[in-house]
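Chains as they are written, first to last, in this note's numbering: chain D, 1444 to 1575; chain P, 1444 to 1575; chain C, 1444 to 1575; chain H, 1444 to 1575. Positions of the beta carbon are idealized from the N, C-alpha and C atoms, including for glycine. Below you'll find the structure, written out as structure tokens, and then a few comments.
Number of protein chains: 4
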Amino acid sequence: MGLIRDETGTQTLIGYELDVGDPAGARCRLDLDDRHLNRQGMLHGGLAATLLDSAMGATGSLTVDATGRHPFTTLSLTVNYLSPGRPGPVEATGRVTGGGRATLFIEGQLRHQDGTLIATATGVFRKSRQEP
Amino acid sequence: MGLIRDETGTQTLIGYELDVGDPAGARCRLDLDDRHLNRQGMLHGGLAATLLDSAMGATGSLTVDATGRHPFTTLSLTVNYLSPGRPGPVEATGRVTGGGRATLFIEGQLRHQDGTLIATATGVFRKSRQEP
Amino acid sequence: MGLIRDETGTQTLIGYELDVGDPAGARCRLDLDDRHLNRQGMLHGGLAATLLDSAMGATGSLTVDATGRHPFTTLSLTVNYLSPGRPGPVEATGRVTGGGRATLFIEGQLRHQDGTLIATATGVFRKSRQEP
Amino acid sequence: MGLIRDETGTQTLIGYELDVGDPAGARCRLDLDDRHLNRQGMLHGGLAATLLDSAMGATGSLTVDATGRHPFTTLSLTVNYLSPGRPGPVEATGRVTGGGRATLFIEGQLRHQDGTLIATATGVFRKSRQEP
């Protein structure tokens, strides 16, 4: 039903869920708990990047594969950290802003359930020749 | 002796070790295994960002705290993915390139043990007022 | 009435106009001609960055100064180049996405008159203590 | 003898010189004067990006063309602004950090003559199919 769980080592380790049911863009959800926090008790910046990169890469996949699984390689990713990520459910979304057949520009947003922006991202992704 | 292990939820979850023994820059080490890989069997881009961000933030801490623990907040992080991260030991390093008392520009490199560059990063970090 | 022209050396050299009439975000306009093109006959990436940085910085100014002139320093700027900039009128816009009193996260878009995206940008800006 | 001047509209407008005499990396030089300054009397961030992008793109060209002229398209450019650019001679340099046949990762540094870093940059560039 458009939900991807436990399909890669990283996904199982971190525990996020990928929703690829909407061709316009994938969603990556995680219920933040103590395992995801840094020294300041906030979401670790690298895990914020993980959720954003996952949603953005799957958004790229959806442009060529309705199951959202065709691999896209991240060439470059920039994350801006707007506000602390607190424990509780968060969701990263992706949106294609441009590109061609093989290279895509994709932006992402990571939000708390109340809509507060935690981080934004932009990235350059390339379609892998490798089969999913 | 300058090694930080299991001090935050994220660190325990991912399993990396922080070496803050050299005031010139911190090192973040991880022995990559299946838990850290993406759909293509390579290091997940978000985990590469996690290792880089951890080494770079701790490098910032070392400028004000010899134990490398004073929190630095990442404002912005850009990661370039140069080559696939394969299973085995990898190390991220940080280096301050500029900045002032509160805001630092820090660059990072993530390498395999043979020196191959996996990813480079640049970021803007800010010293937290919060005590470690 | 909210238009800034020829107020700095760079502005006079490049020839762009800043519209700071809308507190929600500044606009930077330029009629691209041969002087602004690169070896491929397209807008030089650095000039795209100039228009975006100008619109984004002035958008920051508008949060503290209705005339859009209070200086904001760019700490970090990431530009993604989506499609070639062709001769003719283009407009860069800025929008604040987050931040606090002194540091702002601002995004920008550069478009042709028909709405085609040429480039997007995100950046971290800091309010200068210097008076305008 | 390895110096490029006035070959594009942008180059003539801004006045920089490209030195492509060293295959290891191009250099882009400009004698900063009032025409290149912003409202704070410092080098405009967009012109810093222009010098960096020019040096970095030409560095890409040198990997395939000893004259440094084969066009490379900038996909993404991140600039970090470490210290103000003051009037006088400055030089941007480029260095390839990774990539393959068509896509290159290139970093850049912009310095005053005394070696002070003004800005650093990283970017993703792609070889154009277009002849120079």
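Test: residue i CB closer than 7 Å to a CB of chain D
i          : result
C/Gly-1500 : no
H/Val-1567 : yes
P/Gly-1458 : no
is_contact[residue i, chain P] using C-beta, thresh 7 Å
i          : result
D/Asp-1462 : no
D/Gly-1452 : yes
Closer than 9 Å at the beta carbon, the chain P residues around residue i
i          : result
H/Leu-1495 : The contacting residues do not exist; H/Leu-1495 stays about 13 Å from chain P at best.
Best match in the options for proximity to residue i [C-alpha to C-alpha]
i          : options                                           : result
H/Gly-1519 : D/Gly-1537, D/Leu-1446, D/Asp-1557 and D/Ala-1564 : Looking at the sequence itself, residue 1519 of chain H is Ser, so the reference to Gly does not match. Ranking the options by Cα distance to H/Ser-1519, first place goes to D/Ala-1564.
D/His-1555 : D/Arg-1544, D/Thr-1546 and D/Ala-1491             : D/Ala-1491
D/Pro-1530 : D/Glu-1550, D/Leu-1475 and D/Gly-1503             : D/Leu-1475
H/Val-1533 : H/Leu-1525, H/Val-1567, H/Tyr-1459 and H/Gly-1566 : H/Tyr-1459
P/Gly-1558 : P/Asp-1496, P/Gly-1528 and P/Ala-1501             : P/Gly-1528
P/Gly-1464 : P/Ala-1498, P/Gln-1454 and P/Thr-1493             : P/Ala-1498
D/Asp-1508 : D/Arg-1448, D/Pro-1466, D/Gln-1454 and D/Asp-1449 : D/Pro-1466
C/Val-1522 : C/Gly-1489, C/Phe-1515 and C/Gly-1468             : C/Gly-1489
H/Ala-1545 : H/Leu-1525, H/Phe-1568 and H/Leu-1553             : H/Phe-1568
C/Arg-1482 : H/Ala-1469, H/Phe-1515 and H/Gln-1483             : H/Phe-1515
H/Thr-1540 : H/Lys-1570, H/Arg-1470 and H/Gly-1566             : H/Gly-1566
P/Ser-1571 : P/Gln-1552, P/Ser-1504, P/Leu-1525 and P/Glu-1550 : P/Ser-1504
H/Gln-1552 : H/Gly-1537, H/Gly-1543 and H/Gly-1542             : H/Gly-1537
C/Ala-1535 : C/Gly-1542, C/Thr-1502 and C/Gln-1573             : C/Thr-1502
D/Leu-1582 : P/Thr-1517, P/Leu-1461, P/Thr-1510 and P/His-1479 : The displayed coordinates of chain D run from 1444 to 1575. Any statement about residue 1582 of chain D would go beyond what the structure contains.
C/Gly-1543 : D/Leu-1473, D/Leu-1525 and D/Thr-1451             : D/Leu-1525
D/Gln-1454 : D/Leu-1494, D/Ile-1561 and D/Leu-1547             : D/Leu-1494
H/Arg-1478 : C/Glu-1450, C/Thr-1510, C/Ala-1469 and C/Ala-1562 : C/Glu-1450
C/Phe-1548 : D/Ile-1561, D/Leu-1547 and D/Ile-1549             : D/Ile-1561
P/Gly-1500 : P/Leu-1456, P/Gly-1484, P/Glu-1550 and P/Arg-1472 : P/Glu-1550
D/Gly-1484 : P/Gly-1452, P/Ile-1447 and P/Leu-1456             : P/Gly-1452
H/Leu-1576 : C/Ala-1469, C/Leu-1480, C/Gln-1573 and C/Gly-1511 : No answer is possible for residue 1576 of chain H: it lies beyond the span of chain H, which begins at 1444 and ends at 1575.
D/Gly-1511 : D/Gln-1573, D/Ala-1469 and D/Leu-1473             : D/Ala-1469
Residue-chain proximity (residue i, chain H), Cβ-Cβ < 7 Å
i          : result
C/Gly-1445 : no
Partners in chain C for residue i, counting only beta-carbon separations shorter than 8 Å
i          : result
H/Ala-1535 : Chain C residues near H/Ala-1535: none, gap ~10 Å exceeds 8 Å.
Chain-ordered residues of the region 1502 to 1525 of chain P with a beta carbon less than 8 Å from chain H = Thr-1521, Asn-1523 and Leu-1525
At a Cβ cut of 7 Å, what residues of the region 1537 to 1565 of chain C count as close to chain H, listed as they run along the chain?
-> none
Interface residues of the region 1464 to 1490 of chain D facing chain P [CB-CB below 8 Å] | Asp-1476, Asp-1477, Arg-1478, His-1479, Leu-1480, Asn-1481, Arg-1482, Gln-1483, His-1487, Gly-1488, Gly-1489 and Leu-1490
What runs of the alpha helix (DSSP H), each 4 residues or longer, lie entirely inside the region 1467 to 1543 of chain D?
-> 1488 to 1505
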